[in-house]
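In the working numbering, the protein residues as written are 14 to 223.
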């Protein structure tokens with residue numbers, strides 16, 4: 014149980030449950046292959062059975078960290094920061110994004126969109142999940158729609174989601190890692206037949222980097 018002062022700071026976004034932070038190469042989506050500093054925030058209740066960072070789900074396992082300290086670390090390494098989770102929009106992102114921008118950094122987010130949007134973002138990667146769909150503002154603001162393909166039914170879900178995002182959102186289909194051998198050929202075939210979509214791969218896993 015957090016003491017009252019820490020709890021208040023977390024609610025205001027002055028502290029955040031930081032799981033990990035690291036400098037690496039972006040592995041997925043539009044910015045694949047580019048250097049970025051990742052800030053992974055703990056806490057998620059979306060509950061994807063295939064999630065590869067389930068250790069992020071329980072926010073109480075990740076100590077509240079002063080947001081200014083997170084920013085101080087980030088600006089040592091990169092000019093682009095990716096905030097991910099967990100589900101970062103469970104928390105107030107206004108302070109974090111304000112401080113990162115004051116430090117001259119570009120600020121991206123990877124989100125399921127299941128919570129209301131907070132923060133000021135240069136790029137929003139929306140990766141919707143069936144069991145907790147995005148809020149309308151995330152559909153409206155998404156720069157990138159990334160749908161994970163675990164089985165053939167997910168192509169139907171992807172098309173449903175594509176109808177909801179704004180017309181400028183870039184559309185990606187990405188095989189779920191444990192199903193990549195089975196689903197990647199289907200995705201390739203699908204994108205060739207439906208070229209509004211692009212293929213996204215988890216290239217960081219092929220490269221064996223974080």
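Here a beta-carbon is modelled for each residue, glycine too, at the ideal position from N, C-alpha and C.
Since we're looking at a predicted model, the values are computed, not measured.
Inset, instruction - Give the DSSP bridge partners of residue 300, in chain order. - result: Nothing about residue 300 can be reported from this structure: the residues present for the chain run from 14 to 223 only.
Inset, instruction - Grab the span of the beta strand (DSSP E) containing residue 50 for me, first residue to last. - result: For this step, residue 50 is matched to residue 37 along the chain shown. Here the beta strand (DSSP E) through residue 50 covers 48–54.
Inset, instruction - Would you decide whether residue 104 is buried or exposed? Buried here means 16 or more other CB atoms lie within 10 Å of its CB. - result: Here the question's residue 104 lines up with position 91 in the chain shown. It is buried - the Cβ of residue 104 has at least 16 other Cβ atoms within 10 Å.
Legend entry - Start and end residues, alpha helix (DSSP H) containing residue 148: As a first step, residue 148 must be located in the chain shown, where it is residue number 135. Segment: none, residue 148 is in no alpha helix (DSSP H) and carries neither H nor E.
Inset, instruction - Please look up how many angstroms separate the CB atoms of residue 223 and residue 37, rounded, as I've assumed it's under 8 Å. - result: Position 210 of the chain shown, counted from the start, is the residue given in the question as residue 223. Position 24 of the chain shown, counted from the start, is the residue given in the question as residue 37. Yes, they are in contact, since the Cβ atoms of residue 223 and residue 37 sit about 5 Å apart, within 8 Å.
Legend entry - Helix, strand or coil at residue 35 according to DSSP, with G and I counted as helix: Taking the first residue of the chain shown as position 1, residue 35 is located at position 22. Reduced to three states, the DSSP call for residue 35 is strand.
Inset, instruction - Find out if the Cβ-Cβ distance for the pair residue 51, residue 157 is shorter than 7 Å. - result: By one-based count along the chain shown, residue 51 stands at place 38. By one-based count along the chain shown, residue 157 stands at place 144. No, Cβ-Cβ distance for residue 51 and residue 157 is not below 7 Å.
Legend entry - residue 188 - DSSP class collapsed to helix/strand/coil: For the purposes of this step, residue 188 is taken as the residue at position 175 of the chain shown. Here residue 188 sits in strand by DSSP.
Legend entry - Alpha-carbon to alpha-carbon, residue 31 and residue 75: The residue given as residue 75 occupies position 62 in the chain shown. The residue given as residue 31 occupies position 18 in the chain shown. Approximately 6 Å between the Cα atoms of the pair.
Legend entry - Residues that DSSP places opposite residue 4 in a beta bridge: Residue coverage of the chain in this structure runs from 14 to 223, which leaves residue 4 outside it and unanswerable.
Inset, instruction - Please list, in chain order, all residues of the same chain as residue 132 whose beta carbon is under 6 Å from its beta carbon, the five residues on each side excluded. - result: Locating residue 132 in the chain shown gives position 119, where the first residue counts as 1. Closer than 6 Å at the Cβ level, and outside the excluded window around residue 132, lie 106, 107 and 110.
Inset, instruction - Going by DSSP, name the residue or residues bridged to residue 159. - result: Stepping through the chain shown from its first residue, residue 159 is reached at position 146. Residue 159 pairs with 185.
Legend entry - N-terminal and C-terminal residue of the beta strand (DSSP E) that residue 204 is part of: Within the chain shown, the letter at position 191 stands for residue 204. No beta strand (DSSP E) holds residue 204; the alpha helix (DSSP H) holding it covers 193–206.
Inset, instruction - Could you tell me how far apart the beta carbons of residue 203 and residue 170 are, in whole angstroms, since I believe they sit closer than 8 Å? - result: The residue given as residue 203 occupies position 190 in the chain shown. The residue given as residue 170 occupies position 157 in the chain shown. That belief does not hold up - the Cβ atoms of residue 203 and residue 170 are roughly 13 Å apart, past 8 Å.
Inset, instruction - Pull up the distance between the alpha-carbon of residue 98 and that of residue 205, whole angstroms please. - result: Here residue 98 is taken as the residue at index 85 of the chain shown, counted from 1. Here residue 205 is taken as the residue at index 192 of the chain shown, counted from 1. Answer to the nearest angstrom: the Cα atoms are 31 Å apart.
Inset, instruction - With a threshold of 16 other CB atoms inside 10 Å of the CB of residue 128, please say whether the residue is buried or exposed. - result: Your numbering for residue 128 matches position 115 in the chain shown. With 16 or more other Cβ atoms inside 10 Å of its own Cβ, residue 128 counts as buried.
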